[in-house]
Amino acid sequence: MDAIVVDELRKRYGNVQALEGVSFAVRAGEVFGLLGPNGAGKSTTVKVLATLTKPDAGRAEVAGHDVVREPNAVRRAIGYVPQSSGVDRDATGRENLMLQGRVQGMSGRALETRVAELLDLLGLARSADRVVRGYSGGMKRRLDVGLGLVHRPQVLFLDEPTTGLDPEARASMWEELERLAEGESLTILLTTHYMEEADELADRLAIVSRGRVIVEGTPEQLKQSLRGEAVEVELADGRAAEAEAVVSGLEGVFEASIEGRRLHSRVASGARAIPFILSALEAEGIGVEAVTTHRPSLDDVYLHYTGREFAAEDEQGRAGDSGEDGRR
Amino acid sequence: MSVAVRHTWFMVGRQLRNLMREPIWIALLLVQPMVWLLLYGQLFKRVTHLPGGGFGTTSYITFLAPAIVIMNAFFGATWSGMAMISDLDRDVLPRFLATPVSRISLVVSQIVRSALIAVIQGAIILLVSITLGVRVHTAVLGWVVVLLAAALMNSAFAGLSQGIALLVRKEATMIAIANFIGLPLFFLSSTLISIRQIPHWMQIAAKFNPVNWGVIAAREVVLPGTDWNSVGLHLALLFALSVATAAFATWTFRAYQRTI
């Protein structure tokens, strides 16, 4: 059964088309990742699914309920962990959890027990009665997750769960989330712009770019869909177009593309192809600064399907933060 | 409806708990009204002897005390939107909006919290006034009316303040607007001086000034010769205004939701 069905969602903010027809489906019990650079439309998608905003067109169902027609049924079935912490910093961790439980219709003993259980589970038991203002970034983030889980939702939305955390806190958050996904028999939809995070956590993922889903599959499937290995050549001078023409003509090179001064190519075997690539470039008098080869990563998958480099796109999305991700 | 009331109660509880954690704030917020009462009240104590009168008492502090309760409730209200902006800035609202929480409770709880604080402070100001020799002519009923007037005064402008907060969503703009509204309405009233002593055009303006409505209602019950019709009318006017501004705040909340 599908826990989330998203069908051709469109959403426009002013003159920014945040979603241009997003479609995907998430099976019950799986961890599904929406991977994409800043500004791709991930947060907007989650906001529509969490009933915070209405789509201009398209349809979405969460836990069997339509997000526009039955918003309260959806709200009871979901937990939403926003990108920026939504905790009340002037209250204690326990008070935050109790209040969240109450507005979800819980009360009395059942609520108290559940809150104590979550505080334990998230390693916050000892700080439960301290004001959140004094929590570390990682503790605050874990409390955010706890707020999403109080009422034992069927579906949990995690919008950029580890953004702003240091590497150590991120790693422990990953462990935490993996444990939760198993222990609480949840369906989790998480958005991220960290390739490693999607790779590590998601059973399946959809790559989102500029308001559309570009490709969907397990991380393994996506990487295997790119045959062979990636070779990247950093050119010494600006003769990029020539370099691309030279390399794409070589035997054993499946594809080559240019991004600034970097030449990306995919080959059957990196170790065997590099000498050929270098000598072909040298023969044309094209200088080379550095060469690397690696197994296909999700970066390469992104590049392959969008023709754009993930990091550059991410940077651009942040600089021109035209809306959605940083929006309130 | 019962859900809205229950959720409002939860949300007010949240705000009062946070406030009680730092009760020093209630005291700090009382500094200003105390300065008016203790210093200004002494400074101008001879003002009741002005020819033309109209003070209804020779004790200026008795004339002033109920008005200071109202003034305090009014200024508190103009700032009450700051708490909403802080919730907006910290993304507390979006988190709640993904739950079945009653939408209206998110707005109304802010107004109720603000009015409750005005009542607590009003009671403290009255207590201090009593020690200074102020006598509430209508006794216990008078206390109730003064505090009710303070609650209505506050909620009338708290609704407006919440609405403005939801529209501007910026602290600096909010501060500018609060000052812009606060001082003129304060001075265009009989808070500090008998209505008979102020220029004619100001007397007319004061008639339409909600701050003056609150001052009249509160002062009538403190001074002898209470005109209960006037008390009832002015409380009713404040109540109507409270309903209107609460509706305005709710409407702006919907406008805010559309921007998410």
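In order, the protein sequence lines correspond to chains A and B. Numbering follows my numbering, in which position 118 of the first sequence is assigned residue number 118; successive positions increment by one, without gaps. Counting from 1 along the second sequence, just add 1000 to a position and that's the residue number in my numbering. We put the beta carbon where it would ideally sit given N, CA and C, even for glycine.
Please report the distance separating the alpha-carbon of residue i from that of residue j.
| i | j | result |
| --- | --- | --- |
| Arg318/A | Leu1029/B | 41 Å |
| Arg1113/B | Ile1024/B | 17 Å |
| Ile1111/B | Leu147/A | 25 Å |
| Asn1229/B | Gly1142/B | 14 Å |
| Ile78/A | Phe157/A | 7 Å |
| Gln1032/B | Lys140/A | 37 Å |
| Ser257/A | Arg204/A | 27 Å |
| Glu282/A | Gly252/A | 18 Å |
| Arg59/A | Arg75/A | 16 Å |
| Glu234/A | Thr192/A | 28 Å |
| His151/A | Ala181/A | 15 Å |
| Phe1010/B | Gln104/A | 11 Å |
| Arg327/A | Ile1130/B | With a pLDDT of 38 at Arg327/A, under the threshold of 50, the predicted position of this residue should be treated as unreliable, and no value is reported. |
| Glu313/A | Gly39/A | 9 Å |
| Val1108/B | Thr1173/B | 22 Å |
| Ala1098/B | Asp88/A | 15 Å |
| Arg102/A | Gly93/A | 14 Å |
| Thr1226/B | Glu1220/B | 5 Å |
| Ser322/A | Tyr13/A | Summary for Ser322/A: the model assigns pLDDT 44, below 50, so the residue's position carries little reliability; its value from the coordinates is reported in the next sentence. About 9 Å. |
| Ala1246/B | Leu1192/B | 28 Å |
| Glu315/A | Met195/A | 14 Å |
Can you list the residues of chain B that residue i reaches, using a CB-CB cut of under 8 Å?
| i | result |
| --- | --- |
| Asp90/A | Asn1018 and Arg1021 |
| Glu95/A | Arg1014 and Arg1017 |
| Arg75/A | Ala1098, Thr1099 and Pro1100 |
| Asn38/A | What Asn38/A touches in chain B: nothing, since even the nearest Cβ is about 17 Å away. |
| Ile78/A | Ala1098 |
Please work out which residues of its chain come closer than 8 Å, Cβ to Cβ, to residue i, disregarding the five sequence neighbours upstream and downstream, and give them in chain order.
| i | result |
| --- | --- |
| Leu1223/B | Gly1056, Thr1057, Thr1062, Phe1063 and His1137 |
| Gly21/A | Glu8, Leu9, Arg10, Gly58, Gly211 and Arg212 |
| Ala91/A | Leu99, Val131 and Val132 |
Considering only residues of the same chain and omitting the five flanking positions on each side of residue i, which have a CB-CB separation below 7 Å?
| i | result |
| --- | --- |
| Gln17/A | Gly211 |
| Phe24/A | Val6, Ala206, Val213 and Glu216 |
| Gly1041/B | Tyr1060, Ile1061 and Leu1064 |
| Arg51/A | What sits at residue 51/A in the sequence shown is Thr, not Arg. Excluding residues within five positions, the ones whose Cβ falls inside 7 Å are Val67, Pro71, Val74 and Arg75. |
| Met1020/B | none |
| Gln1162/B | Ser1080, Gly1081, Met1084, Val1107, Gln1110, Ile1111 and Ala1249 |
Is it buried or exposed for residue i, if we count other Cβ within 10 angstroms and need 16 for buried?
| i | result |
| --- | --- |
| His1007/B | buried |
| Glu175/A | exposed |
| Val137/A | First, the amino acid is wrong: residue 137/A is Gly here, not Val. When all chains shown are included, Gly137/A counts as exposed. |
| Thr113/A | exposed |
| Leu1127/B | exposed |
| Glu324/A | Caution applies to Glu324/A, whose pLDDT of 42 falls short of 50 and renders its modelled position unreliable; the value that the coordinates give is listed next. So Glu324/A counts as buried. |
| Ala290/A | exposed |
| Lys1170/B | exposed |
| Leu1039/B | exposed |
| His304/A | buried |
| Val1211/B | buried |
| Phe1180/B | exposed |
| Phe1186/B | buried |
| His264/A | buried |
| Pro1066/B | buried |
Residues of chain B with CB under 9 Å from residue i, in chain order?
| i | result |
| --- | --- |
| Gln104/A | Thr1099, Pro1100 and Val1101 |
| Ser84/A | Arg1090, Asp1091 and Pro1094 |
Listing by chain order, which chain B residues have their CB less than 7 Å from the CB of residue i?
| i | result |
| --- | --- |
| Arg10/A | Per Cβ cutoff of 7 Å: no residues; Arg10/A is ~16 Å from chain B at best. |
| Leu147/A | Arg1095 |
| Asn15/A | By Cβ distance, chain B contributes nothing, its closest Cβ being about 15 Å from Asn15/A, past 7 Å. |
| Tyr135/A | Under the 7 Å cutoff, chain B gives no residues; its nearest Cβ is about 13 Å from Tyr135/A. |
Within the same chain, show all residues whose beta-carbon is closer than 6 Å to that of residue i, passing over the 5 residues directly before and after it, in chain order.
| i | result |
| --- | --- |
| His1234/B | Trp1213, Ile1216 and Ala1217 |
| Trp1036/B | Ile1068 |
| Leu1166/B | Thr1252, Phe1253 and Tyr1256 |
| Thr218/A | Arg204 |
| Gly287/A | Ala236 and Asp237 |
| Ser1093/B | For clarity, residue 1093/B is Leu in the given sequence; the question names Ser instead. Within the same chain, Leu1093/B has close Cβ partners Asp1087. |
Starting from the beta carbon of residue i, find every residue of chain A whose beta carbon is closer than 7 Å, and list them in chain order.
| i | result |
| --- | --- |
| Phe1010/B | Leu99, Arg102 and Val103 |
| His1007/B | Val103 |
Should the region 1140 to 1148 of chain B be regarded as contacting the region 1090 to 1105 of chain B, the criterion being three or more beta carbon pairs within less than 8 Å? no
For the region 297 to 310 of chain A against the region 1071 to 1086 of chain B, do three or more pairs of beta-carbon atoms, one drawn from each stretch, fall closer than 8 Å, so that the two count as touching? no
Cβ pair count under 8 Å reaching 3, the region 124 to 135 of chain A against the region 27 to 45 of chain A: no
Do three or more CB pairs link the region 1147 to 1165 of chain B to the region 1239 to 1246 of chain B at distances below 8 Å? yes
Any contact of the region 60 to 73 of chain A with the region 222 to 238 of chain A, i.e. 3+ C-beta pairs under 8 Å? no
Assess contact between the region 226 to 233 of chain A and the region 268 to 286 of chain A, defined as three or more Cβ pairs (one per stretch) separated by less than 8 Å. Is contact present? yes
The region 292 to 302 of chain A contacting the region 275 to 283 of chain A, beta-carbon criterion three pairs below 8 Å: no
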